[in-house]
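For reference, the structure is listed below as structure tokens.
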Amino acid sequence: MANPLIVFIGGPTASGKTGLGISLAKRYSTFVISADSRQMYQEMTIGTAKPSSDELSEVKHFLVDDRSVQNPMNAGDFEREALDIIKNSEEKIIFVVGGTGLYMKALYDGLDEFPEVPSEIREELNREFETEGIEHLQEKLKSADPEYYEVVDLNNPRRLIRALEVIEASGQRYSAFRKGSSGRSDLNVLKMAIDVDRDRLYQRINHRMDKMIEKGLFKEAESLYEFKELQPLKTVGYQEVISYLDNEYDYDEAVRLLKRNSRRYAKRQLTWFKREDFEWIDLKDFESITDRIDKEIEKIKKG
54 MANPLIVFIG GPTASGKTGL GISLAKRYST FVISADSRQM YQEMTIGTAK
104 PSSDELSEVK HFLVDDRSVQ NPMNAGDFER EALDIIKNSE EKIIFVVGGT
154 GLYMKALYDG LDEFPEVPSE IREELNREFE TEGIEHLQEK LKSADPEYYE
204 VVDLNNPRRL IRALEVIEAS GQRYSAFRKG SSGRSDLNVL KMAIDVDRDR
254 LYQRINHRMD KMIEKGLFKE AESLYEFKEL QPLKTVGYQE VISYLDNEYD
304 YDEAVRLLKR NSRRYAKRQL TWFKREDFEW IDLKDFESIT DRIDKEIEKI
354 KKG
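Residue numbers for the sequence shown follow the numbering used here, beginning at 54 and rising by one.
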């Protein structure tokens, strides 16, 4: 094959992506590129459900534990670094595994061309956030672009402000810009996502959060408190603990919000993968997954 097959393995949080990615990489004697927006940070381990040292020793992983939280990555950085890894590899198949849809899309579609945003618009939206809160931004986006509202991380003010500034600068919906790409002609792509029963998934998420707390999630977040204004810390699993440390609510409420926000995030992930036309796969049927991959490999070989 002139170009490798890039197999994207997506799915909601706690769906079993990490284990499946490792099993597939071992089956095809290749490596994994992590498409998780937080697992690359060395200081963030418990709250990101990072692969264990044993798992990392089984299969080579790229973009895991390779930078400081003080050196944040965005989707554009991910696209460039992942493409560089692919370009310098001699493997015929590579697995991209994670739940950060925007990172995956940046790789298989390329980033969309957004309009320039005058600084005054961004400054005004930041003022609105400071004075009226995140709920104001959420309602504003829901009215202006209900489609993007359904998939964006509603607890991430930076993402909300980014969408709103593009809408105000262009007069168009943010989601319209995100549909502009027709895909990369230089990559062979297969997109798969783990299908999971919603109730069972929510139970797994609640259990995972309990385990994270047992392992020391609150201590980990406290050790990162000085970086609380950095984007990686303004995400589900950390922002709730940071707010608890800021005395915004008590411990029990922090735990409740950790679980609730994680479930809501998983729901948005499922919606996103559905809209991006990922093929749904059954985690328990490994043979059918490999059969599908093998067919794609044969198709590429035949041209």
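Ideal placement from N, C-alpha and C gives every residue a C-beta, glycine not left out.
With respect to the C-alpha of Phe167, the residue from Ile334, Gly129, Glu279 having the closest C-alpha is Gly129. Between the region 96-111 and the region 264-274 there are three or more C-beta pairs closer than 8 Å, enough to call the two in contact. Thr184 counts as exposed, since fewer than 16 other C-beta atoms from the protein chains shown sit within 10 angstroms of its C-beta. By the 16-neighbour rule on beta-carbons within 10 angstroms, Asn124 is exposed. Around the CB of Tyr161, 16 or more other CB atoms lie within 10 Å, so the residue is classed as buried. The Cβ neighbour count for Asn141, taken over all protein chains shown within 10 Å, is under 16; the residue is labelled exposed. Residue environment for Lys70: buried (at least 16 other C-beta atoms within 10 angstroms of its C-beta). DSSP places Leu116 outside any beta strand (DSSP E), giving it a letter other than H or E. A direct Cα-to-Cα measurement between Glu188 and Glu340 gives close to 46 Å.
Boundaries of the alpha helix (DSSP H) around Lys70: 70-80. Rounded to whole angstroms, the separation of the alpha carbons of Pro171 and Ala222 is 7 Å. Within the DSSP secondary-structure output, Asn208 pairs in no beta bridge.
Fully enclosed beta strand (DSSP E) runs of no fewer than 3 residues occupy 332-334 of the region 311-349, in order along the chain.
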